[in-house]
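Protein chains in written order, with the working numbering: chain A, 48 to 284; chain B, 48 to 284.
Beta carbons: idealized from backbone N, C-alpha and C, even for Gly.
Working notes for the structure below.
2 protein chains.
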Amino acid sequence: MPQLQQATVRNSLLKALSPADFALLRPHLEPMTTQLREGLIDANQPIQELYFPEVGFASVVTACTEGQIEVGLIGREGLVGAAPVLLGSDRTPQQSFIQMSGEVLRISALELRAAVRKSSKLQDVLLRYVHTLMVQISMTVYAHAALNLEGRLARWLLMCHDRIDGDELVLTHEFLSMMLGVQRAGVTLALQNLEGAGRIKGRRKRVQILDRSKLEQLVGGSYGVAEAEYARLIGGA
Amino acid sequence: MPQLQQATVRNSLLKALSPADFALLRPHLEPMTTQLREGLIDANQPIQELYFPEVGFASVVTACTEGQIEVGLIGREGLVGAAPVLLGSDRTPQQSFIQMSGEVLRISALELRAAVRKSSKLQDVLLRYVHTLMVQISMTVYAHAALNLEGRLARWLLMCHDRIDGDELVLTHEFLSMMLGVQRAGVTLALQNLEGAGRIKGRRKRVQILDRSKLEQLVGGSYGVAEAEYARLIGGA
DNA sequence: AAATTATGGTGCGATAGCGAACAATGGGAT
DNA sequence: ATCCCATTGTTCGCTATCGCACCATAATTT
């Protein structure tokens with residue numbers, strides 16, 4: 048297997064590292080394909096590995112009494128498992144799994160911790176990423192508190208769109224309903240509204256993003272804040 | 048003014064520090080009384096100071112288009128401003144202000160950063176605290192997504208109760224309604240329900256906690272997770 | 001003591017989303 | 001080509017909460 052080149056990785060967190068920091072991680076990055084719903088981080092279990100998504104993305108959810116609620120989305124801009132491990136906990140009550148299949152670069156928690164100890168610059172970048180994740184989660188609170196289903200759906204579509212190539216998301220209404228914590232029929236109606244307004248185009252198992260700016264009108268500012276923090280602190284790709 | 052003693056501070060994050068780490072911070076801690084609604088951290092402004100609450104607590108809110116929504120609560124267990132500063136951002140899109148007046152120990156961001164650079168053990172403790180804060184915010188997402196007003200109110204009361212001495216909270220329905228992102232009349236009804244079930248006793252501008260376990264029944268597991276992480280990672284006080 | 005303001009209590013129509021059905025449809029399997 | 005079933009579309013009554021308005025009561029000021 049050819050060594051990974053920083054210029055060819057698609058994860059923008061890895062891209063943003065200094066060449067020296069990337070070299071620290073490179074020997075320990077293992078490419079891996081991911082399947083829909085594949086678990087990456089289990090709740091309250093020691094975290095053995097972290098994952099830099101290259102294609103596809105993962106959800107971070109809180110699993111509570113009934114059903115799970117998504118709190119964050121991590122794609123090629125991030126690192127799944129970063130928050131607990133970088134903050135010094137070997138586990139977390141949250142859970143992460145693949146939401147859209149693709150590829151990740153896996154690294155053992157041990158090696159990541161060692162690399163971070165060697166390079167404080169590396170630690171700094173990753174901690175700044177954790178900050179953007181915290182902002183994202185905070186905006187998710189806002190979205191649930193202030194937006195109706197249609198608005199939350201619009202926000203979710205925008206965030207997914209950022210993390211894929213092209214304009215077409217492959218997912219079912221059922222799936223969306225779980226992530227947003229609402230019933231499936233409600234998703235169908237909300238999607239129809241979005242489609243009627245020319246914001247998206249729905250096909251079976253597919254949602255095509257037609258007009259991002261029209262979607263952004265619905266989210267009451269809950270989209271874009273975390274993204275701006277990322278651009279400011281990590282890199283403006 | 049007498050030097051602060053670690054044994055007599057009430058902030059449990061300061062208490063949890065090693066004596067050497069506390070000594071690093073001590074010269075820079077300035078006691079300060081706080082007023083209701085006093086701003087501690089402004090949104091998108093350089094953070095000059097951080098605050099260890101001693102008495103009272105602060106809210107972290109996301110200010111968006113319309114109204115602000117509370118995402119977290121920081122009292123004598125924590126450090127206001129910890130998340131952005133420890134994660135390497137000099138500012139944050141969120142805002143923090145005093146929710147219940149009292150006392151804080153103020154420290155300049157400059158001095159805190161310097162101390163953290165000198166002692167990685169100090170940094171580790173503070174980062175673990177940031178982790179617990181992240182968990183708290185995640186559970187706030189869950190609360191908004193899965194609980195009705197009564198449940199969210201119960202959770203909020205429990206969290207406040209942890210951060211005060213005694214059983215009586217001084218606050219108005221109006222205030223609660225802003226924090227929970229609902230209308231004032233709804234808070235009145237929810238409080239009446241809680242009171243009818245013997246969980247609390249309401250007086251004008253006052254809410255007395257009568258039965259914590261009955262309150263915990265309403266929150267669907269959204270209370271306690273962050274607190275358990277704190278006990279596990281910082282100290283079981 | 002009277003006036004004023006802040007706070008809490010209550011009622012009513014409107015709406016969003018739930019829960020639970022059932023119908024229609026498209027695409028993969030055989 | 002046909003069948004089957006996952007997926008999507010649609011409907012209906014129900015409940016929580018909103019938005020608004022109005023009144024009651026306590027605290028504060030004069």
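Q: Rounded to whole angstroms, what's the CA-CA distance from A:T139 to A:A90? Just pull it up for me.
A: 6 Å
Q: Look up B:S106 in the DSSP assignment and say whether it is helix, strand or coil.
A: strand
(Q) Less than 9 Å between CB atoms is the rule here; does A:P74 satisfy it with respect to chain B? (A) no
Q.
Give me the chain B residues within the contact set of A:Q141, using Cβ-Cβ distance strictly less than 8 Å, ordered along the chain.
A. V182, S185
Q: Answer yes or no: do A:R160 and A:V132 have a C-beta to C-beta separation smaller than 9 Å?
A: yes
Q | Burial state of A:V329 (16 or more Cβ within 10 Å) | A | No answer is possible for residue 329 of chain A: it lies beyond the span of chain A, which begins at 48 and ends at 284.
Q. Where do the N-terminal and C-terminal ends of the alpha helix (DSSP H) with A:V118 fall, by residue?
A. Unbroken run through A:V118 is the beta strand (DSSP E), 115–121; no alpha helix (DSSP H).
Q) Of all the CB atoms in chain A, is at least one closer than 9 Å to the CB of B:I116? A) yes
Q: Using three-state DSSP, classify B:K252 as helix, strand or coil.
A: coil
(Q) Given a cut-off of 9 Å on the beta-carbon distance, is the pair B:L262 and B:L204 in contact? (A) yes
Q.
My output table needs one value for B:Q239: the three-state DSSP class, helix, strand or coil.
A. helix
Q. Secondary structure at B:I281, three-state DSSP: helix, strand or coil?
A. coil
Q. With burial defined as no fewer than 16 other Cβ atoms inside 10 Å of the residue's Cβ, what is the status of B:L210: buried or exposed?
A. According to the sequence provided, residue 210 of chain B is Arg. The question's Leu does not apply to it. Buried, by the Cβ-count rule.
Q: For the beta strand (DSSP E) holding B:I184, just list the boundary residues, first then last.
A: No beta strand (DSSP E) contains B:I184, which is instead part of the alpha helix (DSSP H) from 167–193.
Q. What do you reckon, are the CB atoms on A:V107 and A:L120 nearer than 9 Å?
A. yes
Q: Determine the chain B residues that contact A:V272 at a beta-carbon separation under 7 Å, and present them in chain order.
A: P140
Q. Using DSSP with H/G/I as helix, E/B as strand and the rest coil, what is B:L205?
A. helix
Q: Can you have a look at B:G149 and say buried or exposed, based on whether 16 or more other CB atoms are within 10 angstroms of its CB?
A: buried
Q: Decide if B:L180 is buried, meaning its Cβ has at least 16 other Cβ atoms within 10 Å, or exposed.
A: buried
Q: Could you have a look at B:G149 and say whether DSSP puts it in helix, strand or coil?
A: strand
Q. Does the beta-carbon distance from A:T187 to A:S269 come in below 9 Å?
A. yes
Q. Rounded C-beta distance between A:R242 and A:G233? I'm assuming under 8 Å.
A. At residue 242 of chain A the sequence reads Glu, which differs from the Arg that was named. Contact doesn't hold; Cβ gap of about 15 Å is too wide.
Q) Along the segment 184–215 of chain A, what residues have a CB closer than 8 Å to any CB found in chain B? A) I184, S185, M186, T187, V188, Y189, H191, A192, A193
**Q.** For A:A190 and B:I116, the rounded distance between their alpha carbons
**A.** 10 Å
Q: Closer than 7 Å, Cβ to Cβ, to anything on chain A: give me those residues from the segment 119–135 of chain B, in chain order.
A: A130, P131, L134, G135
Q: Give the residues of chain A in contact with B:D171, contact being defined as C-beta atoms less than 8 Å apart.
A: G135
Q: Leaving aside the five residues before and after A:E221 along the sequence, list all residues of the same chain whose C-beta is less than 6 Å from its C-beta, in chain order.
A: R231
Q | Helix, strand or coil at B:L257 [DSSP, three-state] | A | coil
Q: Go ahead and pull the three-state DSSP assignment for A:V86.
A: The question names Val, but residue 86 of chain A is Gly in the sequence shown. Residue state, collapsed to three classes: strand.
Q | Close-in-space but distant-in-sequence residues of the same chain around B:E85 (CB under 8 Å, 5 per side omitted) | A | F144, I145, S148
Q) What does A:S65 reach in chain B if we use C-beta pairs closer than 8 Å? A) Result: empty, since nearest Cβ-Cβ is about 15 Å, beyond 8 Å.
Q. Below 9 Å between beta carbons: does that hold for A:L169 and A:D68?
A. yes
Q: Return no unless some Cβ of chain B is closer than 9 Å to the Cβ of A:A275.
A: yes
Q) Is it buried or exposed for B:M206, if we count other Cβ within 10 angstroms and need 16 for buried? A) buried
Q. When the cut-off is 9 Å and only beta carbons count, does B:S269 lie next to chain A?
A. yes
**Q.** Selection of the segment 223–242 of chain B by Cβ proximity to chain A, strictly under 9 Å
**A.** L227, G228, V229
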